[in-house]
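Colleague:
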Amino acid sequence: MSIQTSPSSPEFVTIVVPVRNEEVLLPRALAALAVAIDALNVLPQPDRPAVSVLLVLDQCTDLSARVAALWPDFDRVEIEAGAVGVARRFGVQRALRRLEAVSASGAAASAVGDGQAERIWIASTDADSAVPPNWLITQLAFARNGIDLVLGTVHPDDDLAAHELVNWESLHTIGEGHPHVHGANLGVRADRYLAAGEFAPVDCDEDRLLVAALRELGVTEARTALIPVLTSGRRVGRAPAGFAEYLREHMNPDWADTEAAH
Numbered sequence: 007m008s009i010q011t012s013p014s015s016p017e018f019v020t021i022v023v024p025v026r027n028e029e030v031l032l033p034r035a036l037a038a039l040a041v042a043i044d045a046l047n048v049l050p051q052p053d054r055p056a057v058s059v060l061l062v063l064d065q066c067t068d069l070s071a072r073v074a075a076l077w078p079d080f081d082r083v084e085i086e087a088g089a090v091g092v093a094r095r096f097g098v099q100r101a102l103r104r105l106e107a108v109s110a111s112g113a114a115a116s117a118v119g120d121g122q123a124e125r126i127w128i129a130s131t132d133a134d135s136a137v138p139p140n141w142l143i144t145q146l147a148f149a150r151n152g153i154d155l156v157l158g159t160v161h162p163d164d165d166l167a168a169h170e171l172v173n174w175e176s177l178h179t180i181g182e183g184h185p186h187v188h189g190a191n192l193g194v195r196a197d198r199y200l201a202a203g204e205f206a207p208v209d210c211d212e213d214r215l216l217v218a219a220l221r222e223l224g225v226t227e228a229r230t231a232l233i234p235v236l237t238s239g240r241r242v243g244r245a246p247a248g249f250a251e252y253l254r255e256h257m258n259p260d261w262a263d264t265e266a267a268h
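At position 82 of the sequence shown the residue is numbered 88 (the numbering used here), and the sequence of numbers has no breaks.
Below, the structure is given as structure tokens:
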């Protein structure tokens, strides 16, 4: 099955961020998102989309909800799923329903309700990550040129030791056309997202499953290194088989063996 590419420029951007016990790193993530949103102000008014952010607080037992409340412009919802795929899927569904229901002009309602979801851009990142200032403006530039899916890169922060960072860089091709898929740095046109079946409600790999489904549809994609996202280099993560486990297995095998023995 394939679908045709639409060159329409997104009029709405919805950013969905799953959060699970991220009281320490969440302030960094939200501050970075605010900067990326402000960067859109350089666009002329007709090209400037409306932007919304939804924080999906999933089984948080720390102060993440209190931290999120310090950012009143960002919407938030609490769930008890305990699965990042469920959190992302729920967040996107809620964000799209909100676009259907909340618009003084009615434009947002028609964007989804009249089958014009191609005018909505979904941007995905994580609560332990910090997007760069050009994160949104670059994705939208790709979208205006007919791209349906943007896959960015990530780079671990200074939780990694120097030798581990060398290992990381030796294992990763970071450049245009890179092969990586990260839920922390992904953007997709909403109609393509819906056609691909949305994020799968799974514990891990929801990003890879979505991209595989999108590729089955024949969407146009950009695999870019222009918008690197800084992400946590911790070894104990929130999702099984997630980025933290990858680091644990590949950056310092001796450390991983020691942890497995306990």
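Just so you know, even glycine gets a beta-carbon here, dropped at the ideal spot from N, CA and C.
Taking contact to mean 3 or more Cβ pairs, one atom from each stretch, closer than 8 Å, check whether the region 170-184 and the region 192-208 are in contact.
Modeller: No contact exists between the region 170-184 and the region 192-208.
Colleague: Mind checking whether Leu232 and Thr131 have CB atoms under 7 Å apart?
Modeller: Your numbering for residue 232 matches position 226 in the sequence shown. Your numbering for residue 131 matches position 125 in the sequence shown. Going by C-beta atoms, Leu232 is not nearer than 7 Å to Thr131.
Colleague: Any idea if Ala76 is buried or exposed, counting beta-carbon neighbours within 10 angstroms, 16 or more meaning buried?
Modeller: Start at 1 with the first residue of the sequence shown, and residue 76 comes out as number 70. It should be pointed out that residue 76 corresponds to Leu in this sequence rather than to Ala. It is exposed - the Cβ of Leu76 has fewer than 16 other Cβ atoms within 10 Å.
Colleague: Threshold first: 3 residues or longer. Then list the beta strand (DSSP E) segments lying entirely within the region 119-149, N to C.
Modeller: 126-130
Colleague: In whole angstroms, what separates the C-alpha of Leu69 from that of Gly224?
Modeller: In the sequence shown, the residue the question calls residue 69 occupies position 63. In the sequence shown, the residue the question calls residue 224 occupies position 218. When rounded, the distance between both Cα atoms is 42 Å.
Colleague: Tell me whether Asp64 is buried or exposed, calling it buried when 16 or more other Cβ atoms sit within 10 Å of its Cβ.
Modeller: Walking along the sequence shown from the start, residue 64 turns up at place 58. Buried.
Colleague: Which two residues bound the contiguous beta strand (DSSP E) that contains Ser176?
Modeller: Working through the sequence shown from its first residue, we reach residue 176 at position 170. Unbroken run through Ser176 is the alpha helix (DSSP H), Ala168 to Leu177; no beta strand (DSSP E).
Colleague: Can you check DSSP and say which residues form a bridge with His161?
Modeller: Taking the sequence shown and counting its residues from 1, the one referred to as residue 161 is at position 155. According to DSSP, which records beta bridges pairwise, His161 is partnered with Leu236.
Colleague: Residues in its own chain within less than 6 Å of Val25 by CB, not counting five upstream and five downstream?
Modeller: The count along the sequence shown starts at 1 and reaches residue 25 at position 19. Only Leu61, Leu63, Ser70 and Ala133 meet the Cβ criterion.
Colleague: Do three or more CB pairs link the region 82-102 to the region 42-50 at distances below 8 Å?
Modeller: no
Colleague: In the DSSP assignment, find the beta strand (DSSP E) that holds Phe18 and state where it starts and stops.
Modeller: Taking the first residue of the sequence shown as position 1, residue 18 is located at position 12. That run of the beta strand (DSSP E) goes Phe18 to Val25.
Colleague: Can you tell me whether Asp81 is helix, strand or coil according to DSSP?
Modeller: Counting from 1 along the sequence shown, the entry for residue 81 is found at position 75. Here Asp81 sits in strand by DSSP.
Colleague: Report yes if the C-beta distance between Ile128 and Val98 is below 7 Å; otherwise report no.
Modeller: Taking the first residue of the sequence shown as position 1, residue 128 is located at position 122. Taking the first residue of the sequence shown as position 1, residue 98 is located at position 92. Contact: yes.
Colleague: Please report how far the alpha carbon of Cys210 lies from the alpha carbon of Glu204, in whole angstroms.
Modeller: Here residue 210 refers to the residue found at position 204 of the sequence shown. Here residue 204 refers to the residue found at position 198 of the sequence shown. Taking the straight line joining both Cα atoms gives about 14 Å.
Colleague: What's the C-alpha gap between Gly183 and Ala136?
Modeller: Counting from one through the sequence shown, the residue named residue 183 turns up at place 177. Counting from one through the sequence shown, the residue named residue 136 turns up at place 130. So the alpha carbons of these two residues sit roughly 22 Å apart.
Colleague: Measure the beta-carbon distance from Val19 to Pro55 and round it to whole angstroms, keeping in mind my assumption that it falls under 8 Å.
Modeller: Position 13 of the sequence shown, counted from the start, is the residue given in the question as residue 19. Position 49 of the sequence shown, counted from the start, is the residue given in the question as residue 55. Correct: roughly 5 Å between the Cβ atoms.
Colleague: Give me the Cα-Cα distance between Glu17 and Asp163, rounded to the nearest whole angstrom.
Modeller: Against the sequence shown, residue 17 aligns to sequence position 11. Against the sequence shown, residue 163 aligns to sequence position 157. Taking the straight line from one Cα to the other gives about 33 Å.
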